[in-house]
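Inspection log for the structure reproduced underneath, given as structure tokens.
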Amino acid sequence: MKLIVESSKPARGAAAYIRMSVFVLERGIAFRDEFDDKDSDSMVYAVLFDDKVPVATCRFETYNDHTLKVGRVATLKEARGHGYGRKVVSALEDKAKQMGFTHSLIHSEMDAVKFYQRLGYEITSDVFYEDGVPCVVVEKDL
Numbered sequence: 001m002k003l004i005v006e007s008s009k010p011a012r013g014a015a016a017y018i019r020m021s022v023f024v025l026e027r028g029i030a031f032r033d034e035f036d037d038k039d040s041d042s043m044v045y046a047v048l049f050d051d052k053v054p055v056a057t058c059r060f061e062t063y064n065d066h067t068l069k070v071g072r073v074a075t076l077k078e079a080r081g082h083g084y085g086r087k088v089v090s091a092l093e094d095k096a097k098q099m100g101f102t103h104s105l106i107h108s109e110m111d112a113v114k115f116y117q118r119l120g121y122e123i124t125s126d127v128f129y130e131d132g133v134p135c136v137v138v139e140k141d142l
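Reading the sequence shown from the start, the letters are residues 1 to 142 in the numbering used here.
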């Protein structure tokens, strides 16, 4: 396994491969909704590789001066259940701490809330819809 946390064309491409597989093809989310104007070569992505195959990813957004927003967390279907999602989220949290961030938030789909709670996140909002999917905000101190 190899884990990268960086802003580069290879990281962006690997993240796009996973997100296309999970969100667009598997879940049926519209391409235009999944890939937004935040996806750029300057965006920091965490990507976990199994040999040469990217299997899990998430992206780093600055929410405010002290808060990281973790987004687009995804693991390929055949790679789930091995803790890979935890690894990429933790890698972004570590990067954020190194940069002086003290808080993290995620717009969590309802079916992923328990996953984030196991990582120490707590629900801090009512249900809202993002790209037609019910979500809540989950947050934690880093």
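Every residue gets a Cβ at the ideal spot worked out from N, C-alpha and C, and that includes glycine.
Bear in mind that the values here come from a model prediction, so they are computed numbers and not experimental data.
In this structure, DSSP gives Phe35 a state outside helix and strand, which the three-state scheme calls coil. Below 8 angstroms, too few C-beta pairs join the segment 76–84 and the segment 98–114 to call them touching: fewer than three. Ser104 and Val70 do touch by the CB rule: their CB atoms are close to 6 angstroms apart, below 8 angstroms. Between Thr62 and the set Val73, Val44, Asp51, the nearest pair of CA atoms involves Val44. Counting along the chain, the unbroken beta strand (DSSP E) around Asp141 starts and ends at 133–141. Under DSSP, Leu3 shares a beta bridge with Leu48. According to DSSP, residue pairing for Ala74 in a beta bridge involves Thr57. Taking 8 angstroms as the upper bound for CB-CB distance, Ala74 and Phe23 are in contact here, some 6 angstroms apart. Here the C-alpha atom of Lys9 lies approximately 31 angstroms from the C-alpha atom of Arg118. Leu105: member of the beta strand (DSSP E) spanning 103–109, first to last residue. Per DSSP, Glu26 lies in no alpha helix (DSSP H) and is assigned neither H nor E.
Exposed is the label assigned to Phe31, since fewer than 16 other Cβ atoms lie within 10 Å of its Cβ. Secondary structure of Leu92 (DSSP, three-state): helix. For Tyr17, same chain residues with a beta-carbon under 6 angstroms away, outside a window of 5 residues either side, are Pro54 in chain order. With fewer than 16 other CB atoms across the displayed protein chains lying within 10 angstroms of its CB, Val127 is exposed.
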